[in-house]
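To start, the structure itself, in structure tokens.
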Amino acid sequence: MSIHADTPRSMPRFLWAGDSAVVIEFGNEISPALAARAHTAAAAFESANLPWLVEVLPSYRSVLAEFDPRLISPAAALEELQRIAETAAIPEGPASLDQLDIVSIPVCYGGRFGPDLHDVAAHTGLSPDEVVAVHSEPLYLVYMIGFMLGFPYLGGMSPRIATPRLATPRTIVPAGSVGIAGNQTGVYPMASPGGWHLIGRTPMRLADPSADPPCLLRAGNRIRFVPVDEAAYRAIEAAAATTARTDAPGIAAIPAQAEGGDQ
Amino acid sequence: MAAMLEVVNSGPLSTLQDLGRRGRMKYGVPPSGALDQEALAVANLLAENPEGAVGIEITYGNFSVRALAPVVLACAGAWASVSVDSIAVSPWTTLSVMPGEIVSVGAPAWGVQVYLAVRGGIAAPLVMGSASTCTRAALGGIDGQGRALRAGDLIATPDRPSPSPSPGPGHVPSLLAASTVTARAAAALAKRQAAFARAHSPAAASARCPVAIRVVMGPQDDHFTDGGRRTLVTEEFTLTSKADRMGLRFEGPAIEHSRGADIISDGMPRGAVQVPGDGKPIIMLADRQTTGGYPKIACVARVDLDLLAHLRPGDRVRFAALPAEEAHESLIHEQAASRASGRALRILIDGIEHVVTVCELQ
């Protein structure tokens, strides 16, 4: 139920999600500009350190904010969230890249790490090397984390390598697998059943339930897939394992590299 | 850590639960936690624990444990027979149990989830701040990796600087101690009894009452026709066998969408009533995925969320919509009433003990 009937186009809509949560919706399309507004509003809600705010979940074009009804009424929570959303420096256009975290994810493409690379090549009429080149070229936007711990919904894949899902899903997809389903690409942070065509695997540990935060990627991050050979894969895997054994945070972050150029 | 109990029979599904993981949905982590949070709180208070301590959520009963040390236990939730060495004691009460004695929770007469609390709490690894079991995401629980309880598991209380007072001998159920706890337990029991005692009576299904669930419309009620919205609040829906800690799938007249059954995926609030293409509503519970792509016509009001824990396949449900602020007032009023000084009377009917609450309402 829309709380305000006639909101101007540039203003977000505030929608009840029960009596202890509100959805702040910025529009109804998938675009980096709308996502930037949602992600910025979510960051503003979080940095306000409101004791009654329980969950803040940014997604493609909205934010779900859940509050503790023992601490605040729906009307008061709505008023406070509206005030923050209005005063937050919410960009009207895409944020400039130098403000964003860019995470490089090393991927060993093909072979036993990417058993479906040849199928994707056959489907798209490209060579396997061309599929790798097209997949590792863009700077992808993490629109949302969902589906499972640390799973990034990515935008920016070239339609040239779009490939339908597998007719029969695999019962187990290893953690770190990089896949294509339709015109989406993604990386499985944890082992899971899955129907995506697997074209490679990253040795990077993207999720660890015992770490805080438990996953590397956040909504609003930009990521780039960097092709590596199997020797480099093994070296990164070994380094990550050492880090996990000797250091508290189990997630080995590759230093972000600031690169220009959007897809 | 001192092992207090050994699981003898784990029943269909028994898991460790507290009040769940908070603030982790943005990482894709389901909140999990007890489906009936007030019943867990009451069981804990009866056991003299903090209300959010880890307890055992027992689904459909048929659960038993053997005491390895003198231990105080408390049950709340669904109305199930509880026995100590085959001697029936009343549900919703505190038990002092001696080593070697076996405490059994039978199949509930009404309701689904029984909560068993152990004085001193239950030791379990904290995963993202909670011990709650999420089997689907392999998080929390007795092993930290989402495993449900099974026969042979040892339940221990965590080490504490000051040990809790040791229970006296015998297993005579102690009367509910503090009057505030008594009143809160009585109010919670009365609400669940009113909702489910007749819904789950042995009478013919047609004679059973539907369960009333209050909802707040939105966030995507504008993705439905007027007729679709009317269908939700005027028709009855029947819970199918697709019911677990993740969600409840209903059968009933199709709820009509106005512009397709797909939305751009967004956050999934607790109690969301999402409607996929077939028009049949699904209510999302504690172990839900954090995001979803079906429109959510309404969300269950906080005041009735706990009732969802006790719905059984075949139960009929009627939804009633109310504004968010009214739903919140109902919740606050109910909490205030259950914490007011009330009197709880125990009466025996046909050998079954019932608790009747007498409250002064303003």
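Order-wise, the sequence lines are chains X and D. For the first sequence, the numbering used here gives the first residue as 68, with consecutive numbering after it. For the second sequence, the numbering used here gives the first residue as 10, with consecutive numbering after it. C-beta: ideal position from N, C-alpha, C; glycine also. Here the structure is a predicted model, which means the values were calculated and not measured.
| Asked | Found |
| --- | --- |
| Taking any Cβ of chain X, which residues in the segment 277-292 of chain D have a Cβ under 9 Å from it, in chain order? | Met277, Pro278, Arg279, Gly280 and Ala281 |
| Tell me which residue opens and which closes the beta strand (DSSP E) that Val91(D) is part of. | Val80 to Val93 |
| How about Ala78(D) and Pro108(D): are their beta carbons less than 8 Å apart? | yes |
| Among all the DSSP beta bridges, which residues are the ones paired with Thr235(X)? | For Thr235(X), which the question treats as bridged, DSSP gives no partner whatsoever. |
| For Pro205(X), which of Ala248(X), Ala189(X) and Val170(X) has the nearest alpha-carbon? | Val170(X) |
| Taking only three categories from DSSP, how would you classify Thr300(D)? | strand |
| Taking only beta-carbon positions, decide if Met137(D) is within less than 8 Å of chain X. | yes |
| Which chain D residues sit within Cβ distance under 9 Å of Ser129(X)? | Pro228, Ile273, Asp275 and Gly276 |
| Could you have a look at Glu244(D) and say whether DSSP puts it in helix, strand or coil? | coil |
| Under a CB-based cut-off of 8 Å, is Ala84(X) close to chain D? | yes |
| Taking beta-carbon pairs under 7 Å, can you tell me which members of the segment 287-301 of chain X lie near chain D? | none |
| For a test of the three-state rule: what should DSSP assign to Asp230(D), helix, strand or coil? | helix |
| Given a threshold of 16 other Cβ atoms within 10 Å of its Cβ, counted over all protein chains shown, does Asn58(D) qualify as buried or as exposed? | buried |
| Cβ of Ser175(D) less than 8 Å from any chain X Cβ? | The predicted position of Ser175(D) is uncertain, since its pLDDT is 44 and thus under 50; no value can be drawn from it. |
| My parser needs the beta strand (DSSP E) runs of 3 or more residues fully inside the segment 196-260 of chain X; what are they? | 207-212, 219-222, 237-240, 244-248 and 251-254 |
| For Gly29(D), which residues in the same chain have their Cβ closer than 7 Å to its Cβ, ignoring the five residues on either side in sequence? | Pro40, Ser41, Gly42, Ser139, Ser141 and Ala295 |
| If you draw a straight line from the alpha carbon of Ala115(X) to that of Gly276(D), how long is it in whole angstroms? | 20 Å |
| At 8 Å on the CB atoms, spell out the chain D contacts of Ala103(X), in chain order. | Under the 8 Å cutoff, chain D gives no residues; its nearest Cβ is about 15 Å from Ala103(X). |
| Can you tell me the Cα-Cα spacing of Leu49(D) and Ala188(X), whole angstroms? | 54 Å |
| Along chain X, which residues have their Cβ under 8 Å away from the Cβ of Lys418(D)? | Nothing in the structure corresponds to residue 418(D), since chain D is present only between 10 and 371. |
| Could you check if Glu92(X) is buried or exposed, using at least 16 other CB atoms within 10 Å of its CB as the buried criterion? | buried |
| Can you tell me which of Arg272(X), Pro280(X) and Asp279(X) puts its alpha carbon nearest to the alpha carbon of Arg301(X)? | Arg272(X) |
| Would you mind sorting Gly280(D) into buried or exposed? The rule is 16 or more other CB atoms within 10 Å of its CB. | buried |
| Less than 8 Å between C-beta atoms, sequence neighbours within five positions excluded: which residues of the same chain meet that for Gly153(D)? | Ala133, Pro134 and Val136 |
| If you scan the segment 97-148 of chain X from start to end, which runs of the alpha helix (DSSP H) of 4 or more residues do you find wholly inside it? | 99-114 |
| Does any residue of chain D bring its CB to less than 8 Å from the CB of Asn116(X)? | no |
| Can you tell me which of the three DSSP states Gly237(D) falls into? | helix |
| Go to Glu260(D), then tell me how far its beta strand (DSSP E) extends in each direction, as first and last residue. | Gly256 to Glu260 |
| Buried or exposed: which applies to Met78(X), given that a residue is buried once 16 or more other Cβ atoms fall within 10 Å of its Cβ? | exposed |
| Quick one: what's got a C-beta closer than 6 Å to Ala204(D)'s C-beta in the same chain, skipping five residues either side? | Val220 and Leu316 |
| Pair every Cβ in the segment 302-309 of chain D with every Cβ in the segment 245-256 of chain D, then say whether three or more of these pairs are closer than 8 Å. | no |
| For Val38(D), would you say it is in contact with chain X, using Cβ-to-Cβ distances shorter than 8 Å as the test? | yes |
| Excluding the five sequence neighbours on either side, which residues of its own chain have a C-beta within less than 6 Å of the C-beta of Gly237(D), listed in chain order? | Ile264 and Glu265 |
| Helix, strand or coil: how does DSSP classify Ile151(D) here? | coil |
| Roughly how many angstroms lie between the CA atoms of Gly115(D) and Leu283(X), to the nearest whole one? | 45 Å |
| Who are Ala281(D)'s beta bridge partners in DSSP? | Cys308(D) |
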